[in-house]
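Sequential numbering from 8 applies to the sequence shown in this note's numbering.
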Amino acid sequence: MTEKIPHVVIVGAGFGGVAAMKALKNVNVKITWVDRTNYHLFQPLLYQLSTAVLSTDDISFPVRAMFRKRKNMDLFMAKATGIDGKNKILHTNHGDISYDYLIVAAGATNNFFGMENVEKYSYGMKTIQEALHIRNHALHMFERANKQEDSEEERRKMLTFVCVGGGPTGVEEAGALAELVAVQKLDYPNLNFDEVSIKLIEATDRVLPMMPDNLQKYTLDVLKKKGVEVMLNTQVADCSEDGLTLKDGTFIPSRTVIWAAGVRAHDLASTIGAECDRAGRVIVEKTLQVPGYPEIFAIGDNAHFLQDGRPLPTVAPVANQEARAAADNIVRMIKGEKLQEFVYKDYGSMATIGRCEAVVSWGFLKIGGFFAWVIWMFLHLMRLEGAHEDITVGIKWFWNFISGARLGRIITNIRFEELEK
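And the structure:
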């Protein structure tokens, strides 16, 4: 009688899903990888896609190319819609999949905190489609504002770009937009760039809260030099197609509000039936198992894991370490061994503020400036999947460093019917 090979299903092709797949690649299990797309997206560089530095294939890599030499792995391209933990079934929009072990690494989406108009009128940045939408829209705004017959009020509304959220995504987006504006000056000699405004709004009293005070101040100074107006202790109340309303009643006229103020777990996590936090993350055990469902492991943005009295942040290093720990515990379960409790090792954090500017906080190393930017570039290149991405991104970054050029200033959402007219 042939021994049954355990079936491990991994939901999500993000950092956690990739790390879990790699950790299990030499284990005698059948692996089915479930994701809505056929690629792994390097989300930390989405802001560079949205500001015309990089292209879509620079920050994404085909999932099937990752395991083409592994016969025990396959991709099931579908949207996971629910989990039946009792019967060990994953529901998708293209059929059900039975599993022996399940790793939920479905990632996160934008958190608009119940503000329907903000969700309707602002621009999120969690997917390739959203980043391309921002890029096309921002480039369109310059084209539309270049019409000299428009009123100054309307032009200023088109040329005001608001980023909400003072974490890494908001800071990086605001800095990159400021550099895009500098490039656009060469292309629009008839446009008055004194009408351009870039604002970064943060509800608390600081940006990059994971950084020490001196690097937070350094970040604020760099953003100010780039022309970004940073508004701290400022909360959003509402949004419309004409602008953003703050809680103090102030209205900011703008056609472009980019939302980077929070994330929530993919809805899949809440279908398990276990307790979730306010962001939709499953409150997992120390082994990363879902309480009541020992065959299900939740990691990354889908897991609420308490360490030192606080839940771990929703960042890639957490997802990577949790994925490896979950994979190791699945192997232990198969062998009948005792499971290991997960302990996250924080190696520090970093963020870029633009060309030649970044901040890095690693133990005793707490620096900002060019050297920090070089470290940021090197580590991001190391984390990209595939030689193509490493080479093309490295070349584009080098050319951007030399010339400041933004080669991706291509508007791609023009309808075919409009091109034919």
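Think of the CB as a built atom: it goes at the ideal place given N, C-alpha and C, for glycine as much as any other residue. From a predicted model like this one, the values you see are computed outputs, not experimental measurements.
#1: Could you give the C-beta distance for Ala281 and Ala272, rounded to a whole number, given that I count them as a contact under 8 Å?
#2: Excluding the five sequence neighbours on either side, which residues of its own chain have a C-beta within less than 7 Å of the C-beta of Leu388, listed in chain order?
#3: I'd like to know whether the C-beta atoms of Leu82 and Val70 end up nearer to each other than 9 Å.
#4: Quick check on the DSSP output: the alpha helix (DSSP H) that includes Arg271 runs from which residue to which?
#5: Identify the continuous alpha helix (DSSP H) that holds Ala189 and give its terminal residues.
#6: Applying the criterion that 16 or more other CB atoms from any shown protein chain within 10 Å of the CB defines a buried residue, is Glu427 buried or exposed?
#7: Is DSSP giving Thr88 helix, strand or coil here?
#8: Could you tell me if Pro175 is buried or exposed, where buried requires 16 or more neighbouring beta carbons within 10 angstroms of its beta carbon?
#9: List in chain order: all unbroken beta strand (DSSP E) runs of 3+ residues lying wholly within the stretch 79-167.
#10: Whole beta strand (DSSP E) runs in the stretch 184-267 with 3 or more residues, listed along the chain?
#11: Can you name the start and end residues of the beta strand (DSSP E) that Tyr354 belongs to?
#12: Provide the residue span of the beta strand (DSSP E) that contains Ser67, from first to last.
#13: Quick check on DSSP: helix, strand or coil for Lys76?
#14: Which same chain residues, not among the five before or five after Glu424, have their C-beta less than 7 Å away from its C-beta?
#15: Any chance the stretch 92-105 sits against the stretch 12-25, with 3 or more Cβ pairs inside 8 Å?
#16: Given 8 Å as the limit, tell me if Met389 has its C-beta closer than that to any heavy atom belonging to the ligand NAP.
#17: Just mark Met8 as buried or exposed, buried being the case when its beta carbon has 16 or more other beta carbons within 10 Å.
#18: Kindly indicate which three-state DSSP category Glu329 falls into: helix, strand or coil?
#19: Within 10 angstroms of the Cβ of Ser261, are there 16 or more other Cβ atoms? Answer buried if so, exposed if not.
#20: Considering just the uninterrupted stretch of the beta strand (DSSP E) at Leu319, what are its terminal residues?
#21: Go through the stretch 359-401 residue by residue and report every complete run of the beta strand (DSSP E) that reaches 3 residues or more, in order.
#22: Just to confirm my understanding: we take Asn118, look at its own chain, exclude 5 residues before and 5 after, and list those with CB closer than 7 Å. What are they?
#23: Within 10 angstroms of its Cβ, does Glu179 collect 16 or more other Cβ (buried), or is it exposed?
#24: Should Leu109 go down as buried or exposed, given a rule of 16 or more other Cβ atoms within 10 Å for buried?
#25: Keeping to the same chain, check which residues put their C-beta closer than 7 Å to that of Ala310; ignore five residues upstream and five downstream.
#26: Less than 9 Å separating the beta-carbons of Trp369 and Met357?
#27: Tell me the DSSP bridge mates of Thr39?
#28: Based on the DSSP secondary-structure assignment, which residues constitute the bridge partners of Asp304?
#29: Could you tell me whether the Cβ atoms of Tyr130 and Glu137 are closer together than 9 Å?
#30: What does the alpha-carbon distance come out to for the pair Lys432 and Asp157?
#31: Would you kindly work out how many angstroms separate the C-alpha atoms of Pro301 and Ile205, rounded to a whole number?
In short, the structure shows the following:
#1: With a Cβ gap of about 12 Å, Ala281 and Ala272 do not count as contacting.
#2: Asp397, Val400, Gly401
#3: yes
#4: It is not in any alpha helix (DSSP H) - Arg271 instead sits in the beta strand (DSSP E) that spans 270-272.
#5: 175-194
#6: Unreliable positioning characterises Glu427 in this predicted model, as indicated by a pLDDT of 49, which lies under 50. A coordinate reading is not provided.
#7: strand
#8: buried
#9: 80-84, 87-91, 96-99, 102-105, 108-111, 115-117
#10: 204-208, 235-238, 243-247, 250-253, 258-260, 263-266
#11: Looking at the DSSP string, Tyr354 is not in any beta strand (DSSP E), and its letter there is neither H nor E.
#12: 67-69
#13: coil
#14: Here Glu424 scores only 47 on pLDDT, less than 50, and its place in the model is too uncertain to base an answer on.
#15: yes
#16: The model depicted lacks the ligand NAP and carries no ligand whatsoever.
#17: Annotation note: pLDDT 44 at Met8 (below 50); position unreliable, coordinate value reported separately. Label assigned to Met8: exposed.
#18: helix
#19: buried
#20: Element bounds for Leu319: n/a, residue is neither H nor E.
#21: 364-369, 372-376
#22: Gly269, Val270, Arg271, Ala286
#23: buried
#24: buried
#25: Arg288, Val289, Val291, Leu295, Glu329
#26: yes
#27: Val16, Asp81
#28: Asp is not the amino acid found at residue 304; the sequence shown has Phe there. BP columns for Phe304 point to Ile110, Gln296.
#29: yes
#30: The question about residue 432 has no answer, for the chain in this structure spans 8 to 428.
#31: 49 Å
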